[in-house]
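Following my numbering, the numbering of the sequence shown begins with 24 at its first residue and continues without gaps.
Shown next, in structure tokens, is the structure this report addresses.
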Amino acid sequence: MGKPVLMDFFAEWCGPCHQQSPIIDELKAKMGDRVDIRKIDVGIDSEQTRQYAAKYDIQFVPTLVIEKDGNLVRKLVGVQDLGTLESILKPLVEQ
């Protein structure tokens, strides 16, 4: 079993994304390398960004996508608090 992946879809121009960023940093500090955290700037036009945005139907930022073993666990739109993210990720880490 692989570790869970949290993908943070954001854009530099997005105010709420700047609120989400320190929460993601705190989550990283608490969970360490038990969770693979990836930040994806949808404001950068690249093939990989377009593929991710299409795959996960990203229409708003911030959007957080959580996967485990290649399977979608949750898609969260808007700023999420630390407690919510921990409550989703901790059981996935313990599997």
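Every residue gets a Cβ at the ideal spot worked out from N, C-alpha and C, and that includes glycine.
Owing to the predicted nature of the structure, the values given are computational and were not obtained by experimental measurement.
Per DSSP, reduced to three states, the secondary structure at residue 84 is coil, with no helix or strand assignment. Ranked by how close their Cα comes to the Cα of residue 28, the residues 92, 65, 79 have 92 in first place. Ranked by Cα distance from residue 98, the options 30, 71, 117 are led by 30. In the three-state scheme derived from DSSP, where H, G and I count as helix and E and B as strand, residue 53 is classed as helix. Residue state for residue 62 is assigned as strand, using DSSP reduced to three classes.
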